[in-house]
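For reference, the structure is listed below as structure tokens.
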Amino acid sequence: MSLPAVVPAPTSIEAGSGAPFRLASTTVVKGDTDAATALSAIVEARTRLSLATGDGAVIELRVDAGSGAPESYRIAADEASVVVTGADAAGLFYGVQTLGQLIARDGDGWVLPAVTIEDAPRFAYRGLMLDVARHFHSVDTVRAYIDRGASLKFNALHLHLTDDQGWRIQLDSRPELTEKASGTSVGGGSVVGQGRGGGFYTKADYREIVEYAASRHMIVVPEIDMPGHTHAVGLAYPELTEAPTVSEHMRETIRDYGGEEPRTGTPYDGMAVGFSSLKIHDEATYDFVADVFGELAAMTPGPYLHFGGDESLSTTDDDFAVFVARASAIIADLGKTPVAWHEAGAAPDIADITIGQYWGFLTPQEGAAEKAIAFVDNGAQLILSPADAIYLDMQYPDLPGHGLTWANGPTSVERAYSWEPSDVVPGVDDSGILGIEAPLWTETIRTAADIDTMAFPRAAAAAEAAWSPATGTSELRTWASFRERVGALGPLWTSMGIGFHPSDEIPWATE
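In case it helps, our numbering puts the sequence shown at residues 1487 to 1997.
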């Protein structure tokens, strides 16, 4: 008997020998109200059936505190009943997501197969990153991305809120950031909502995003990128930034992708990176850092604040080390855990609790591994985001014209899947890995439809690396298994409105 298709692959799944459980308009769900609401929404989207609530239910959703590891769950389904038990509210929510994937058509009706599933996550941190600086994306689009990520058991949304092209978060302490530095994006334009313009989140918008994410058991990790990627800061506070330093490599990028060279005081809408820097030896810079992260900390209930630290090509190594030490200490003193891209590991005095985010290749190059290992040597951990595997903005081989290719691209779904986290940074095993994150940079991503196309199905591959057992420890953790299982999700994704790319690598189910 074949096993039902579940993504990410569960810890264990055993098909029952009996008849399936039949869904009907008379099916009743009882138990946890939030989980029941989530399940009813999935069932209605997939089947157009509305589940009842009340006594005598045959689908039971319950939390049994302490019954397993955090975020774990168990599903037991047979012809007579379905019981989903979570070790906590998050586990129950993830069990509901799995139950939704199990729904299958049976003639004119719908069934849940007889099955027993035991499941728990491999890594505590499972993230998606959305860059809203290169192209701004609305609150509604972010909410939709949260829904999509939560359905695959992601539990963190990293928002890249600032870059050379724009500042996207309103702060009372520094109002000119959004007044003067939020109006453009890659390719120019100033009309919000037309795919090219700027924009920003008000504090109320940000609170809505944070609260919506929490309702899906996700935290928000805000990133304010510095000391590089800060041209937009100079539009609002020119006294804090150095003049742009443009290398020949940056000019090559400009020639390849268009736009003008960056100029002091002029909004930047190109794609070159590395030309901007804050003033490292000016105390006003650290007053700015304290204002920004102090206010952001008060707005963000999650434990992490990301201060970037990547591609600071116009900052000397010594100055970079000074800045990283001071910025990470400011965040740590706020009671938050700093997060930085792996280049920050080169700073000897970085706050020792700082989490490193590795964005190098599956085979580390040019000292990337040594910088990443430094975080672990300090007693902290890494988030793995190997660019040539799970940068979701890389082109697909069968979809030219969408996305970029610099990270050994195009990037196939198979490559997004076929890597093992404990093999990426030499000497760093699971104990040194906080989790996995799949970034989606938006230089070429203008609309919600673009996000869906580029993220799905490759986000599902990242989800499996983050949640499921290690490769080689489960018969499900193979490319052959994954491509069949993710292909079976096509009808569910369609019913949920996810405009995924129908990659020719995947045998997509039609019903």
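For each residue, glycine too, the CB sits at the ideal point set by N, CA and C.
Look at E1709 here: in three-state DSSP terms it is strand.
About 6 Å separates the beta carbons of P1834 and A1807, which is inside the 8 Å limit, making them a contact pair. Judged by DSSP secondary structure, T1523 falls outside any beta strand (DSSP E) and instead within the alpha helix (DSSP H) spanning T1519 to T1533. The beta strand (DSSP E) runs lying completely inside the segment 1729-1781 and spanning 3 residues or more number zero. Relative to V1618, the option among I1931, G1985 and G1973 whose CA is nearest is I1931. For Q1843, the enclosing beta strand (DSSP E) starts and ends at I1841 to Y1844. With fewer than 16 other CB atoms across the displayed protein chains lying within 10 angstroms of its CB, R1749 is exposed. Between G1760 and the set A1610, A1770, I1766 and M1736, the nearest pair of CA atoms involves M1736. By alpha-carbon distance to A1562, the top candidate from A1858, E1709, S1553 and L1585 is L1585. The beta carbon of I1528 is closer than 6 Å to those of G1586 in its chain, skipping five residues each way along the sequence.
Less than 8 Å separates the beta-carbon of Y1559 from that of D1605.
Taking the CA atoms as reference points, E1852 sits about 12 Å from W1845. The C-alpha of A1934 lies about 16 Å from the C-alpha of M1880.
Here the alpha carbons of G1794 and A1491 stand approximately 38 Å from one another. The beta carbon of T1670 lies closer than 7 Å to those of Q1651, G1652, S1676, G1684, P1753 and D1755 in the same chain, with the five residues before and after it left out. Under the Cβ criterion (8 Å, minimum of three pairs), the segment 1762-1771 counts as touching the segment 1800-1814.
Between A1699 and L1663, the CB-CB gap reaches or exceeds 8 Å. Runs of the alpha helix (DSSP H) lying entirely within the segment 1891-1926 and spanning at least 4 residues, in chain order: 1899-1903.
Our two residues, R1693 and G1913, have alpha carbons roughly 39 Å apart in a direct line. Within its own chain, the residues whose Cβ lies closer than 7 Å to the Cβ of P1907, once the five positions on either side in sequence are excluded, are L1870, I1919, I1922 and A1951, listed in chain order. When DSSP states are grouped into helix, strand and coil, I1937 belongs to the helix group. For M1982, the three-state secondary structure derived from DSSP is coil.
L1509 is not a Cβ neighbour of L1578, given a cutoff of 8 Å.
Going by DSSP, V1628 is part of the alpha helix (DSSP H) stretching over V1625 to S1637.
In the DSSP assignment, R1702 falls outside any beta strand (DSSP E), carrying neither H nor E.
Within the same chain, and ignoring the five residues on either side of P1993 in sequence, the residues whose Cβ sits closer than 8 Å to its Cβ are R1969, E1970 and G1973. The continuous stretches of beta strand (DSSP E) do not include T1584, which lies in the alpha helix (DSSP H) extending over residues A1575 to L1588. Three or more Cβ pairs closer than 8 Å define a contact, and the segment 1977-1985 falls short of that threshold against the segment 1495-1508. Judged by DSSP in its simplified three-state form, D1658 adopts coil rather than helix or strand. The C-beta separation of E1929 from R1620 comes to about 5 Å, placing the pair in contact by the 8 Å criterion.
A1555 sits in coil when the DSSP states are folded into three classes, being neither helix nor strand. Sorting E1797, L1535 and V1910 by C-alpha distance to the C-alpha of I1589 places L1535 at the top. In the DSSP annotation of this structure, D1550 is not part of any alpha helix (DSSP H), being labelled neither H nor E. Bridge pairing for W1827: Q1843 [DSSP]. Between L1489 and A1826, the alpha-carbon positions lie close to 41 Å from each other. Excluding residues up to 5 positions away in sequence, V1514, V1515 and K1516 lie with their Cβ nearer than 6 Å to the Cβ of A1543 in the same chain.
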